[in-house]
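Chemist: Let me give you the structure first, and then I'll get to my questions.
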Amino acid sequence: MRRLSCLAVALVALVAACGDPAEPLNGWSGLGGSDGAPNTAAPLPWPVTEFPPLPKIAQDVPEARIRLGNLLFYDPILSVDRVTACATCHSEFWGMSDALPVAVGHGAGPLAGPGREGPNTLRRNSPALFNLAFRESLFWDGRSESLEAQAITPLLAEDELNLDPEIAIAELMAIPEYVELFAAAFPENPEVTVQNLASALAAFQRTMVSSRSLYDAYAGGQAATLSEELVEGMFLFAEMGCDDCHSPPLFESETFANRNVPASDGIIDEGRAEVTGLSEDIGRFRAPTLRNLFESEPYFHNGSVKRLEDAVRHELEQTGISFGEEDVRLIELFVRKGLRDDSRSADRPKTVPSGLPTPLDGPIFPGR
Ligand code: HEC
Ligand code: HEC
0 MRRLSCLAVA LVALVAACGD PAEPLNGWSG LGGSDGAPNT AAPLPWPVTE
50 FPPLPKIAQD VPEARIRLGN LLFYDPILSV DRVTACATCH SEFWGMSDAL
100 PVAVGHGAGP LAGPGREGPN TLRRNSPALF NLAFRESLFW DGRSESLEAQ
150 AITPLLAEDE LNLDPEIAIA ELMAIPEYVE LFAAAFPENP EVTVQNLASA
200 LAAFQRTMVS SRSLYDAYAG GQAATLSEEL VEGMFLFAEM GCDDCHSPPL
250 FESETFANRN VPASDGIIDE GRAEVTGLSE DIGRFRAPTL RNLFESEPYF
300 HNGSVKRLED AVRHELEQTG ISFGEEDVRL IELFVRKGLR DDSRSADRPK
350 TVPSGLPTPL DGPIFPGR
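Counted from 1, the sequence shown has number 174 at position 175 by numbering that gives the first Met the number 0; the numbering is strictly sequential.
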């Protein structure tokens, strides 16, 4: 049964390798009935699709490598101002985003989250970093294909961390704890190198899997986990064609589309066209995952829409099909409640090896 469904997934999604993780990622005991037939007690508006297995690169990763990546992610040692870290813009306090319309890079002080202002304002919204392990392309315009390649770009970006990777390596080598941590994380090549730095960050980011939402339990046959309203919202979501681009089970796809999101004042962003050079790609962006949107507001590539409800209304308007406010409410509810699982979000280390303070949002927004 597993083999068969793996084959189906492989054929449909062109997934080359079909791993066999010891337990299903969603933690529920399989989809459909025991004979593999769709579960009629928990009807779905689309064919049953099993949550994909972790790709090979994310399997059997040494714990020490993931831990190192976690520390590096929070350590401002990787920035030119020694104040900014990956977590400045991708914080567990804000659903692995930053609650800002567009990200603000180094030179803006330790405050992360709402209120952060500075000279290095980016043009795009910080994406929440869930389910990166399953992605074929990264960034709003899909310009990067691997997390390893991506990890160095924030360092290089003048408006993000702006630190020459070679200088970053020298800084890390000067901290004995990092030298030890790199050695433990990469036993076969125990050195502090740019490649190992990227590999540790990538390994850590692949652990942020979101696959245990109420929807996943329901799709696994536990009909009672979705309330009637949520089921209604899910069917409306499908009826309105949202699943064409935000396709289950990841609720995203490699579709690049122009959703007529209002441009920000004075900002030029041609989206996918900046990668392909094709005029028809102007204004097209990658269809992002709709999992865990509950606290990663504001929305869209430029953060121009603050509330999830308004983002859903905007997307409904693009369909050309008439709809009412009750439809907006039900679809928003399905997305916000039904697709939420942040149980494997990042853990903030109490201290990082550089001894520098991690970006400041916890103490300012206690209890989140
Ligand atoms: C100044 C804020 C900022 C910092 C610092 C930052 N990022 Fe980002 N990150 C962004 C923004 C904005 C984007 C989207 C850029 C785009 O699409 O062009 C992004 C995109 C990403 C993506 C792609 C996600 C997706 O869904 O496509 C990953 C992965 C990522 N960042 C990881 C990191 C890591 C690792 C670090 C630290 C080495 C880091 N970021 C530092 C703001 C930041
Ligand atoms: C043709 C593909 C396509 C369809 C159909 C589609 N979307 Fe989207 N959706 C996108 C793209 C692309 C974006 C990003 C657009 C941007 O930022 O410019 C997006 C963004 C969103 C966002 C914001 C997510 C975030 O992280 O900022 C929400 C919410 C959303 N869509 C909901 C829906 C709903 C609800 C429907 C059905 C009414 C729908 N979408 C139909 C492609 C699509």
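Built from N, CA and C at the ideal position, the CB exists for glycine as well. All of these numbers come straight from a predicted model, not from anything done at the bench.
So, for T224: in the same chain, excluding its five sequence neighbours on each side, which residues have a beta-carbon less than 6 Å away from its beta-carbon?
Modeler: L213, A216 and Y217
Chemist: Please state the DSSP three-state secondary structure of S212.
Modeler: coil
Chemist: On the criterion of 16 or more Cβ atoms from any shown chain inside 10 Å, does R64 qualify as buried, or is it exposed?
Modeler: buried
Chemist: In the DSSP assignment, what are the bridge partners of F250?
Modeler: F250 is not bridged to any residue.
Chemist: Would D340 pass as a contact of S210 if the rule is Cβ separation under 8 Å?
Modeler: yes
Chemist: How would you label N188, buried or exposed, when you count the other beta carbons within 10 angstroms and need 16 or more for buried?
Modeler: exposed
Chemist: Could you check the C-alpha separation between Y73 and G319 for me, to the nearest Å?
Modeler: 44 Å
Chemist: Note down the Cα distance separating E157 from G117, rounded to an integer number of angstroms.
Modeler: 13 Å
Chemist: So L160 and T83 are in contact, right, with Cβ under 8 Å, and what is the actual spacing, rounded?
Modeler: 6 Å
Chemist: For R115, which three-state DSSP category applies?
Modeler: coil
Chemist: Name, in chain order, the residues that DSSP records as bridge partners for G270.
Modeler: R283
Chemist: Applying the 10 Å Cβ sphere with the 16-neighbour rule, what's the burial state of E324?
Modeler: exposed
Chemist: With which residues is F255 paired in a DSSP beta bridge?
Modeler: R285
Chemist: CA-CA distance, R343 and D326?
Modeler: 31 Å
Chemist: Taking the C-alpha atoms as reference points, what is the distance between R134 and P54?
Modeler: The straight-line gap from Cα to Cα measures roughly 10 Å.
Chemist: With S418 and S96 assumed to form a contact (beta carbons below 8 Å), what rounded beta-carbon distance in angstroms separates them?
Modeler: Lying before the first or after the last residue shown, residue 418 is absent from the chain, which here runs from 0 to 367.
Chemist: Taking 7 Å as the cut-off, is the beta-carbon of W139 closer than that to any non-hydrogen atom of ligand 1?
Modeler: yes
Chemist: Name the two residues that bound the continuous alpha helix (DSSP H) containing Q149.
Modeler: L146 to A150
Chemist: Starting from T87 and walking both ways along the alpha helix (DSSP H), at which residues does that stretch end?
Modeler: It spans C85 to C88 - the alpha helix (DSSP H) in which T87 sits, taken as one unbroken run.
Chemist: Looking at the unbroken alpha helix (DSSP H) that takes in P164, where does it start and where does it end?
Modeler: P164 to M172
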